[in-house]
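Peer 1:
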Amino acid sequence: MSLGRSLYHARKKRGLSQEKVAEKLGVSRQTISKWETDETLPDIRQSKGLAMLYHMTLDELIEYHFEEQQAQQMIESISDEAQARIDWNQVWSRKYPVLAAYQKTVCIQDYAPALKEMLTRLRAEYGYSHTDALLVLKDILASVWKGQI
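For the sequence shown, numbering that gives the first Met the number 0 assigns the number 0 to the initial residue and increments by one for each residue that follows.
#1: So residue 2 packs on residue 37, CB below 8 Å; how close in whole Å?
#2: Would you mind sorting residue 80 into buried or exposed? The rule is 16 or more other CB atoms within 10 Å of its CB.
#3: Less than 8 Å between the beta carbons of residue 20 and residue 4, yes or no?
#4: Is it buried or exposed for residue 101, if we count other Cβ within 10 angstroms and need 16 for buried?
#5: If I measure Cβ to Cβ from residue 52 and keep anything under 6 Å in the same chain, skipping five residues before and after, which residues do I get?
#6: At the level of alpha carbons, what is the spacing between residue 126 and residue 107?
#7: With burial defined as no fewer than 16 other Cβ atoms inside 10 Å of the residue's Cβ, what is the status of residue 116: buried or exposed?
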């Protein structure tokens with residue numbers, strides 16, 4: 000995402016108009032528009048002012064990803080009770096159909112003992128809860144899949 004799009008989404012997230020931002024920073028509304036359309040760039044002082052106005056660090060503002068922020072907010076807004084009621088396999092199966100189909104072809108019993116042992120070791124050696132051990136194992140698998148390990 001371009002810096003201009005990041006600035007636009009950060010401003011919208013705070014519910015501010017271009018006029019209000021311009022007034023706070025002592026620039027014209029057209030200047031804000033030019034920043035948001037990548038026609039020009041704010042200088043470092045103006046960027047710091049934008050970050051403060053949007054309640055973000057300068058790094059967050061520069062690296063702002065609207066979709067990631069939106070997903071994070073959605074995750075944080077779901078209560079523990081609601082999460083317990085959600086069939087996550089069904090939800091993720093809409094995006095990844097293999098999650099709904101693999102049980103018919105993969106012999107889960109072939110993999111379960113080794114996975115249970117890994118979860119047990121993570122819990123015993125590091126004192127992780129069952130959920131934390133599962134998340135660590137998921138992260139290890141993702142690292143192997145990405146070729147990082």
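C-beta: ideal position from N, C-alpha, C; glycine also. These numbers were taken from a predicted model, which means no experiment stands behind them.
Peer 2: Taking the coordinates as given:
#1: 7 Å
#2: exposed
#3: no
#4: exposed
#5: 23
#6: 26 Å
#7: exposed
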